[in-house]
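Residue numbers (numbering that gives the first Met the number 0), protein chains in the order written: chain S, 0 to 319; chain C, 0 to 672. I have placed the structure first, in the form of structure tokens, so that the comments after it can refer back to it.
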Amino acid sequence: MNEFTHVVTQVLVAVFQVAAVAVGGALLLGLMRKVRSRLEGRVGAPIHQPLLDLRKLFAKQRTRPQDSSWVFGAGPVVLVATVVAVTAVSPLVTAHPPLGQSSDFFAVVFVLLLGSVLLALSALDTGTAFGGMGSSRSMTIGALCEPALLVAILAMAIAARTSNLPALVRIGLNHPAVIASPARILALASFLVVILAESGRLPVDNPSTHLELTMIHEAMVLEYSGADLGLITLGESMRLVFLLGLFVNLFVPWGVANRPGALFFSVGLLALIAKVAAVGTTIAVFEVFTAKMRLFRLPELLAGGFVLALLGAVTAVVAR
Amino acid sequence: MNEVYVVTIGLAGVMAAILGGALPASSRVGAAVALTWVSCGAGIAAAVAVLSSGHVISLSTSAILPLTGVTLVLNPLGALFVISISVVALASTLYWLGYASHGLATRNASCALPLFVTSMLFVPFAASVATFLVLWEMMALASLVLVLTDQSRREAARSAAQWYAVMTHAGAAAILIALVLLSAHSGGQTFADIEAHARHLSGAVRGTIFVLALLGFGSKAGAVPLHVWLPKAHAEAPGPASALMSGAMVNLGIYGIILVGNELLGGGPVWWWLLVSVLGVVSALYGALYAATSTDLKRLLAYSTTDNMGLVLIALGASGLFGAVGRPTTAAIAMVAALLLLVNHSVFKGALFLAAGAVQVATGTRDLDRLGGLMRRMPVTGVVFFVGALSVAALPPFNGFVGEWLLFQGLLHGLPTSNTSVVISVAVAVAALALTGGLTVVAFVKATGIGFLGRGRSVEATEAHEAAITMRLGAAALATLCLVLGLVPMLVLPAIERAAASAGRANATSATSGWISLHLIGLRGVLAPSLLAGGLAIAVLVVIVIRRLTHRRGHAWPAVNPVEPWGSGRKLQTARMQYTATSFAEPLQRVFDDVIRPSRDLDVSHFVESRYYIERIVFHTSNDDLIERQFYRPCIAGVRWWGQRARRLQNGSVHRYLAFGFVALVIVLVVVA
Chain S
0 MNEFTHVVTQ
10 VLVAVFQVAA
20 VAVGGALLLG
30 LMRKVRSRLE
40 GRVGAPIHQP
50 LLDLRKLFAK
60 QRTRPQDSSW
70 VFGAGPVVLV
80 ATVVAVTAVS
90 PLVTAHPPLG
100 QSSDFFAVVF
110 VLLLGSVLLA
120 LSALDTGTAF
130 GGMGSSRSMT
140 IGALCEPALL
150 VAILAMAIAA
160 RTSNLPALVR
170 IGLNHPAVIA
180 SPARILALAS
190 FLVVILAESG
200 RLPVDNPSTH
210 LELTMIHEAM
220 VLEYSGADLG
230 LITLGESMRL
240 VFLLGLFVNL
250 FVPWGVANRP
260 GALFFSVGLL
270 ALIAKVAAVG
280 TTIAVFEVFT
290 AKMRLFRLPE
300 LLAGGFVLAL
310 LGAVTAVVAR
Chain C
0 MNEVYVVTIG
10 LAGVMAAILG
20 GALPASSRVG
30 AAVALTWVSC
40 GAGIAAAVAV
50 LSSGHVISLS
60 TSAILPLTGV
70 TLVLNPLGAL
80 FVISISVVAL
90 ASTLYWLGYA
100 SHGLATRNAS
110 CALPLFVTSM
120 LFVPFAASVA
130 TFLVLWEMMA
140 LASLVLVLTD
150 QSRREAARSA
160 AQWYAVMTHA
170 GAAAILIALV
180 LLSAHSGGQT
190 FADIEAHARH
200 LSGAVRGTIF
210 VLALLGFGSK
220 AGAVPLHVWL
230 PKAHAEAPGP
240 ASALMSGAMV
250 NLGIYGIILV
260 GNELLGGGPV
270 WWWLLVSVLG
280 VVSALYGALY
290 AATSTDLKRL
300 LAYSTTDNMG
310 LVLIALGASG
320 LFGAVGRPTT
330 AAIAMVAALL
340 LLVNHSVFKG
350 ALFLAAGAVQ
360 VATGTRDLDR
370 LGGLMRRMPV
380 TGVVFFVGAL
390 SVAALPPFNG
400 FVGEWLLFQG
410 LLHGLPTSNT
420 SVVISVAVAV
430 AALALTGGLT
440 VVAFVKATGI
450 GFLGRGRSVE
460 ATEAHEAAIT
470 MRLGAAALAT
480 LCLVLGLVPM
490 LVLPAIERAA
500 ASAGRANATS
510 ATSGWISLHL
520 IGLRGVLAPS
530 LLAGGLAIAV
540 LVVIVIRRLT
550 HRRGHAWPAV
560 NPVEPWGSGR
570 KLQTARMQYT
580 ATSFAEPLQR
590 VFDDVIRPSR
600 DLDVSHFVES
610 RYYIERIVFH
620 TSNDDLIERQ
630 FYRPCIAGVR
640 WWGQRARRLQ
650 NGSVHRYLAF
660 GFVALVIVLV
670 VVA
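This is the structure in structure tokens:
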């Protein structure tokens, strides 16, 4: 019976984390847009506008280009599913997520990559020039992000002697000195660069662009409509919240539920909301003052991220 | 019992080759395939017997090779290779039944293919220098005949075979010198004798032997800069032969390095393994970069083979490094990772080459810029390629991911050591691994997306037909294995650990544990591939149900409306307006311009009447292999030049030739005296 309650609790925790990230994703988008429009002197749409947009999209009919195959329909589904799967087992609200023992940082990165690859493939499946353009650009950026991301994980994992995500968060709680170590700081700086690039924010990609030739992410999803477009918007916003949530919990883990119980859990949720909202607002403010970089200047930015991560890894080894 | 296995493999294989060469066209392929299957089946049975009991199979007879005799021993390491070769061979020969009508039913091909499979099956058995070299040569020659299959129709096949012949024999020469040196210094030519004596040799001799073996076997494994034959030969060989070459033969190059480095010489100092790691890093990056920019489907796969062998070499080098600095646990993990990467590579690269062969048969081209839309025309082949592409890109839930994860864990846990060169090389290896991973993803999104998705770019592609049933079955079997090994890698891990233990990592038998989640013993690392996949599957189902539930009743059926693509409101979009493989790789090519240095040729001609109107633009771009262009071509030109000079000596006069002979004899006598 005890076993049974344990399983039920774990499933509930997983569902709760996913639901929080799904709603939080839409609200974060709304918040970032609101901050942006306020700073630009506009009133802006209400913060819950993305939720209304999603409701509208899910009510509309889906279309698909006549020459596309099953991959086109699979893209949005797999994108959302990958984010849902990693959200369920990652230390976002609680430092003891379900299946926490096997929640590995490398595995999480590769599962998310599966979603990006499927989306890039479905963009090519549309058979249009814009689909191919967006797919090619996003894959190029993804390939250049990879070294920075994996070496950043390596740098954090050397100090903790494991790449297990909950363990990486808990070591910050138990030994705050680890967070202040140069290895962790450099690695997280590089991680932030990768988050901005992977989720198509400025200065890598402009999420509110209206000119197709400058698009990266938006060019890939031009052919989607209705529920499929809703799923993509949902998946992308969930991914942003997931990555930012991971980032804040690795950087400032305080508040995350370290013990079972509803009280710790609600504190964990509130802390996560506060931390992600703070980082999101900062990014939005930063975006107001930044222009999009030229595509071919991006390797410099990502190489910078990589060098930070490599320095982090080297200091981690030296410091031991 | 031992004799039964060995005799069955040998007899069935040789009979297959003889019947394939002798029977009439109607029955030769069927007979050859059936007997090759018997041979592979016996190979698997022998290998399973060795791996489950831990006892070696050994057999020696002086009846076959005069003077030296044949010595055959199958240890767990060899058994692992026999299994992976057999699996690829079973699938490829099944595929051959359907492929045969496309120019692979000739006497030559039907004789060479079984011979190729049989000699590959026997290479891991070889346990003496003479036996090994004979089998190695048989394997090379049989595959050479297969590369030449299309030579009457394509000039490229002849040139590829030439490159292959030269490179494989240069490699064989290096291996010959290494093995002869070994046996000369240890006073016996069986591997058991050599193993007993090799530890007492001087460091310089051991180093020379290892470097020679690394060069020789590295050229077979396609390590940069000895890889030049690979993109040519693997691309030109017909479907089943290229799957066998890339999925099985290339692995034997790695087998050779493990055989000489870990088994015969019993490990070595740090610099050996640094050399192996550097070779691995260079091969992985170079292969991945060229795979990402290639536009020829099979050339892309061949470069990706170089990339994968680079990863295996990185793992092997890391294992040696950790062993040399006294970290046995991570050394064992890295060795297990190397072997798992090899096994996975056999399976997914076999599937990819079989699918690519089916595409070539259906459309008559391998040029990605002329393909497209094949997922709808050839659904099974398309799915096989899709699965293979996700596996090679190391994406869960397919098998490539588990191998790379294990390699990352090995590197991560081995990093904190006091040896600075090890620290630096491991950090660089992780970065190279990551960049390679990213480039591989680009290469295979390109191959799948441009080749199989979207709209057909040529008449051949829009009118392609699905391959024959046996071809689909053979390729699909390997694709299924990709998924199975991705979900339950524990099926092969015990065998791999036994093999790693016999390759000098005695503690590897307890490297991992667990049936649902994979635990690294002694380290903090857990991966649950089946739970991961299960979670993903549940999430997919939930999302589909949500999408279905939100579909409004009032809306028209079907739920998804097929329409003309919107394309931001552009009208009359044609298939030619899609991105091609060239344009897909263009941003990446620009980023790595200094490394690839592609040649571009832009020719704009104007109308005579007015300079303001352009009549035609001819744009030509090619990215030939940089190393071939910068190193091999000048070398060949140099040899040609010397050849021309040497021809002056030949003027047809017999008297002159007799004089040369006399002078040479006198010089030899003087020197000897």
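For every residue, glycine included, the Cβ atom is placed at its ideal position computed from N, Cα and C.
Original post:
Out of curiosity, what's the CA-to-CA distance linking L103/C and A442/C?
Top reply: 29 Å
Original post:
Which residues, taken in chain order from the stretch 436-450 of chain C, show a beta carbon closer than 7 Å to some beta carbon of chain S?
Top reply: G436, G437, L438, V440, V441, V444, T447, G448 and I449
Original post:
Got a sec: which bits of the stretch 561-584 of chain C sit with their beta carbon under 9 Å from any beta carbon on chain S, in order along the chain?
Top reply: P561, V562, E563, P564, W565, G566, S567, R569, Q572, A574, M576, Q577, Y578, T579, S582, F583 and A584
Original post:
Of all the options V34/S, S68/S and R183/S, which has the alpha carbon lying nearest to the alpha carbon of A318/S?
Top reply: R183/S
**OP:** Check each residue of the stretch 588-604 of chain C: if its Cβ is closer than 8 Å to any Cβ of chain S, include it; give the result in chain order.
**Re:** R589 and V590
Original post:
Using a beta-carbon distance cut-off of less than 9 Å, what residues from the stretch 21-38 of chain C approach chain S?
Top reply: none
**OP:** Give me whichever residues DSSP pairs with R615/C in a beta bridge.
**Re:** S604/C
**OP:** Verify the contact flag: S26/C, CB atom, against every heavy atom of the ligand MN, threshold strictly below 6 Å.
**Re:** This structure does not include the ligand MN; it has no bound ligands of any sort.
Subject >> Sub-7 Å separation of L221/S and F288/S beta-carbons >> reply: no
Original post:
Under the three-state reduction of DSSP, which class applies to I256/C: helix, strand or coil?
Top reply: helix
Original post:
How big is the Cα-Cα spacing for P224/C and N307/C?
Top reply: 15 Å
**OP:** Anything in chain C within Cβ reach of N163/S, meaning under 8 Å, just list it in chain order.
**Re:** R523, G524 and V525
Original post:
Do A498/C and L339/C have their C-beta atoms within less than 7 Å of each other?
Top reply: no
Original post:
Would you report the Cα separation of V314/C and P259/S, rounded to the nearest angstrom?
Top reply: First, the amino acid is wrong: residue 314/C is Ala here, not Val. Each residue's alpha carbon lies about 41 Å from the other.
Original post:
Could you give the C-beta distance for F209/C and A126/C, rounded to a whole number, given that I count them as a contact under 8 Å?
Top reply: No, F209/C and A126/C are not in contact; Cβ-Cβ is about 20 Å, not under 8 Å.
**OP:** Tell me, please, whether the CB atom of F15/S is closer than 7 Å to any CB atom in chain C?
**Re:** no
Original post:
Going along the chain, which residues of its own chain have a beta-carbon closer than 6 Å to the beta-carbon of L406/C, five neighbours each way excluded?
Top reply: A314 and A336
Original post:
At a CB-CB cut-off below 8 Å, which residues of chain S make contact with W404/C?
Top reply: D103, F105, A106 and F109
Original post:
For D295/C, which three-state DSSP category applies?
Top reply: strand
Subject >> Rounded straight-line distance, which links the Cα of G40/C to that of A500/C >> reply: 25 Å
Original post:
Which whole runs of the beta strand (DSSP E) in the stretch 38-86 of chain S are 3 residues long or more, in chain order?
Top reply: 61-64
**OP:** Enumerate, from N- to C-terminal direction, the unbroken alpha helix (DSSP H) stretches of 4 or more residues contained entirely within the stretch 177-233 of chain S.
**Re:** 181-197 and 216-219
Subject >> Beta carbon proximity, T549/C to chain S, threshold 7 Å >> reply: yes
Original post:
CA-CA distance, W270/C and A317/C?
Top reply: 12 Å
**OP:** Spell out whether any CB of chain C is found under 7 Å from the CB atom of P252/S.
**Re:** no
**OP:** Tell me where the beta strand (DSSP E) around V559/C begins and ends.
**Re:** V559 to V562
Original post:
Residues in its own chain within less than 8 Å of V379/C by CB, not counting five upstream and five downstream?
Top reply: E465, A466, R471, A474 and A475
**OP:** Output the boundary residues of the alpha helix (DSSP H) element that contains I84/C.
**Re:** P75 to Y98
**OP:** Go ahead and label V669/C buried or exposed: buried means 16 or more other beta carbons lie within 10 angstroms of its beta carbon, across all protein chains shown.
**Re:** exposed
Subject >> Residues that P49/S contacts on chain C, provided the C-beta gap is smaller than 9 Å >> reply: Within 9 Å Cβ-Cβ: nothing; P49/S doesn't reach chain C, min ~16 Å.
Subject >> 7 Å CB neighbourhood of A574/C in its chain, flanking five on each side removed >> reply: G371, R454, G455 and R456
Subject >> Beta-carbon proximity check, A428/C vs V280/C, cutoff 7 Å >> reply: yes
**OP:** With 7 Å as the limit, tell me which residues of the stretch 31-45 of chain S have their beta carbon closer than that to any beta carbon of chain C; keep them in chain order.
**Re:** none
**OP:** Just the C-alpha distance for W95/C and P239/C, rounded to the nearest angstrom, thanks.
**Re:** 6 Å
**OP:** Please name the residue, chosen from P175/S, F264/S and L228/S, that lies closest to L56/S on a Cα-to-Cα basis.
**Re:** L228/S
Original post:
Comparing the C-beta of L492/C with each C-beta of chain S, is any distance below 7 Å?
Top reply: no
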